[in-house]
């Protein structure tokens with residue numbers, strides 16, 4: 014039986030990001046069929062001061078990657094900025110999942126009580142692994158992933174919540 | 014120490030829905046200050062075949078309510094449709110949180126292995142409580158909550174991710 018913190022993190026990121034990779038395939042096919050420049054999707058935002066699509070996807074990936082590193086006490090790998098293309102985002106997801114799924118399940122033992130230090134606006138805050146995961150990592154991950162989906166829907170890509178939920182459907 | 018399934022559900026719904034209630038206050042104040050008919054927010058959608066704002070909020074609440082009922086093995090309470098006003102949505106959140114926070118922590122013992130039956134499109138599917146919570150309830154909850162936030166942002170309400178994350182910030 015893997016540690017609780019493993020169970021609520023690795024399989025969740027794996028399933029959601031794989032679902033999102035399939036969404037990116039549909040969006041790329043849509044752009045090609047409609048002869049739409051993919052950068053029209055990449056750079057769109059729901060509001061001018063929000064992240065553009067590509068950065069929503071990258072941010073979701075980074076919250077997954079960074080939280081797995083923090084929970085398991087390994088150094089956070091630094092990935093270069095994503096290429097702002099559907100293929101670039103798929104590569105980012107693949108690289109993220111390689112790291113997430115490569116985490117040592119045993120390293121999650123006791124992660125709920127591990128002290129995590131976040132630096133925000135130059136101020137350090139400390140919290141438990143559970144508090145960090147539930148109240149920072151996971152909501153941030155879902156926030157960016159859902160907003161990315163919303164941008165594609167807003168632009169007419171024919172996807173639905175079933176795509177967001179992924180396979181197998183539940 | 015409360016059961017694992019309690020820890021990853023009740024406090025999460027509580028925190029996120031309270032944050033969303035505060036967002037509704039800001040949106041209502043924005044509508045009033047700008048003399049915007051609140052129904053312009055209530056009925057907006059990111060795309061014509063997506064849920065309108067009010068139903069995104071109601072859906073988030075219902076996924077929280079229904080999952081707590083399923084995980085604890087009690088009957089799902091049926092709430093009437095929400096009044097499509099900021100106050101109506103706040104009342105829905107309050108009623109949802111009353112149910113969520115009123116759940117018996119002891120009833121979550123073993124909930125990860127409880128068999129949950131979902132009926133979708135007339136077809137029954139069975140899964141464990143953990144599978145249901147992680148792959149259906151929680152992504153659905155975040156999906157609707159984030160989309161509701163996105164609709165408000167798209168309409169110019171001055172909120173930010175800090176509001177989505179809630180207090181205390183992490």
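Residue numbers (the numbering used here), protein chains in the order written: chain P, 14 to 183; chain E, 14 to 183. Yeah, the Cβ is synthetic: ideal placement off N, Cα and C, and Gly gets one too. Quick caveat, the model's predicted, so the values are computed rather than measured.
Beta-carbon separation (whole angstroms), residue i vs residue j, contact threshold 8 angstroms
i             : j             : result
residue 84/E  : residue 146/E : 7 angstroms
residue 174/P : residue 66/E  : Not confirmed; about 16 angstroms, so no contact.
residue 152/E : residue 29/P  : 7 angstroms
residue 23/P  : residue 116/P : 6 angstroms
Residue environment, residue i, which counts as buried when at least 16 other CB atoms sit within 10 Å
i             : result
residue 105/P : buried
residue 88/E  : exposed
residue 183/E : For residue 183/E, the pLDDT reaches just 48, beneath the cut-off of 50, and the residue's location in the model is therefore unreliable, leaving the point undetermined.
residue 71/P  : buried
residue 191/E : It is not possible to answer for residue 191/E, since the shown part of chain E is limited to 14 through 183.
residue 169/P : exposed
residue 142/E : buried
residue 171/P : exposed
residue 33/E  : buried
Rounded separation between residue i and residue j - CA only
i             : j             : result
residue 137/E : residue 149/E : 14 angstroms
residue 69/P  : residue 139/P : 26 angstroms
residue 158/E : residue 46/E  : 24 angstroms
residue 95/P  : residue 112/P : 16 angstroms
residue 27/E  : residue 21/E  : 11 angstroms
residue 60/E  : residue 177/P : 16 angstroms
residue 63/E  : residue 18/E  : 31 angstroms
residue 78/P  : residue 91/P  : 9 angstroms
residue 58/E  : residue 179/P : 22 angstroms
residue 43/E  : residue 161/E : 16 angstroms
residue 31/E  : residue 48/P  : 44 angstroms
residue 123/E : residue 16/E  : 8 angstroms
residue 98/E  : residue 97/P  : 39 angstroms
residue 86/P  : residue 120/P : 8 angstroms
residue 25/P  : residue 75/P  : 14 angstroms
residue 133/E : residue 144/E : 16 angstroms
residue 73/E  : residue 135/E : 22 angstroms
residue 50/E  : residue 101/E : 15 angstroms
residue 103/P : residue 93/E  : 42 angstroms
residue 114/E : residue 110/P : 35 angstroms
residue 41/P  : residue 41/E  : 38 angstroms
Per DSSP, the bridge partner or partners of residue i
i             : result
residue 130/P : 139/P
Proximity test, residue i beta-carbon vs the ligand PLP heavy atom, cut-off 6 angstroms
i            : result
residue 62/P : Although the ligand PLP was asked about, the structure shown includes no ligands whatsoever.
With contact counted as at least three CB pairs below 8 angstroms, one residue from each stretch, are the stretch 156-174 of chain P and the stretch 53-64 of chain P in contact? yes
Does the pairing of the stretch 35-47 of chain P with the stretch 122-131 of chain P give three or more beta-carbon distances under 8 angstroms? no
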